[in-house]
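One structure below.
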Amino acid sequence: MKKIAIFASGSGSNAENIVKYFQQNDKIKVHLVGSNNSEAKVLDRVSRYSIPTTIFNKENLMNGDVLAILEQKQIDFIVLAGFLLKIPKMIINKYLNKIINIHPSLLPLYGGKGMYGNYVHQKVLEEGDNETGITIHFVNEKYDDGAIIFQAKCPLEDNLTIKKIAKKVHDLEMKFYPKIIENILNESN
Ligand code: GRF
Numbered sequence: 023m024k025k026i027a028i029f030a031s032g033s034g035s036n037a038e039n040i041v042k043y044f045q046q047n048d049k050i051k052v053h054l055v056g057s058n059n060s061e062a063k064v065l066d067r068v069s070r071y072s073i074p075t076t077i078f079n080k081e082n083l084m085n086g087d088v089l090a091i092l093e094q095k096q097i098d099f100i101v102l103a104g105f106l107l108k109i110p111k112m113i114i115n116k117y118l119n120k121i122i123n124i125h126p127s128l129l130p131l132y133g134g135k136g137m138y139g140n141y142v143h144q145k146v147l148e149e150g151d152n153e154t155g156i157t158i159h160f161v162n163e164k165y166d167d168g169a170i171i172f173q174a175k176c177p178l179e180d181n182l183t184i185k186k187i188a189k190k191v192h193d194l195e196m197k198f199y200p201k202i203i204e205n206i207l208n209e210s211n
């Protein structure tokens, strides 16, 4: 059994989608959902699935508390899904190539600190790009910088709104994130 922890700071639609996807899988399961935000909707969403949750702050992340929980729960793989804090070196070293993130643009375009949610789509709109998409990548010590695992694109017609761009990108996230996680875990030992 491969045990996944998902970290999320906000709405958690990706987290819930991943939880649902692996519900009937007897080799891969979401075993923990962590958040740095006790008010985050993600906690509400996953409470329906009887998955343990943990709430922590930046200090817990930096001082080893979070790593201790991951080890105690024997977590094999960490999935970031709208998680806004930087993962410290201590956790990256213990989970080398076992932490992934999804970003709502075609990295290296529009990544880095402060580039999340509609800030990303706003930029796509301002630049007049004719496509955008998602990037799933390994996590290193910089925001949105680790090796790219997968990208999917969607074309952008003229006169789109931020809301419409966000919907297109969200559809790609729902379609691909769980499958890519499954592929990685099936390929690893
Ligand atoms: C997604 O757009 C994801 O790409 C980004 O944060 C957003 C999270 O959305 N990293 P949700 O909380 O899963 O609804």
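So for the sequence shown, the working numbering puts the first residue at 23; every next one is plus one.
Ideal Cβ placement from N, Cα and C applies to all residues, glycine included.
Keep in mind it's a predicted model, so treat the numbers as computed, not measured.
Identify which residue in the options has its Cα closest to the Cα of residue i.
i	options	result
Phe99	Thr183, Val52 and Ala37	Val52
Leu65	Met137, Ile97 and Ala103	Ala103
Tyr165	Pro130, Thr76 and Arg70	Pro130
Asn85	Met112, Tyr199, Ser60 and Gly139	Met112
Lys108	Leu89, Leu92, Leu83 and Glu93	Leu83
Let me check one thing: in DSSP terms, what residues is residue i bridge-paired to?
i	result
Phe99	Ile26
Thr157	His125 and Gln173
Val41	The partner list for Val41 (beta bridge, DSSP) is empty, contrary to what the question assumes.
Thr75	Val55
Ile50	Lys24
Got a sec: does the ligand GRF put a non-hydrogen atom nearer than 7 Å to the Cβ of residue i?
i	result
Ile158	no
Pro74	no
Tyr138	yes
Val64	yes
Ala27	no
Taking the straight line between their C-alpha atoms, what separation do you get for residue i and residue j?
i	j	result
Pro126	Ile170	13 Å
Tyr132	Lys145	7 Å
Ile135	Gln173	The sequence shown places Lys at residue 135, rather than the Ile named in the question. Cα to Cα, the separation comes out at about 20 Å.
Lys19	Arg67	No statement about residue 19 is possible, as the shown extent of the chain runs from 23 to 211 and does not include it.
Ile114	Lys25	17 Å
Asp167	Asn123	10 Å
Gly139	Lys189	11 Å
Just confirm the distance between the C-beta atoms of residue i and residue j, as a whole number of angstroms; I'd bet it's less than 8 Å.
i	j	result
Thr76	Leu106	Actually they do not touch by this definition, with Cβ atoms about 16 Å apart.
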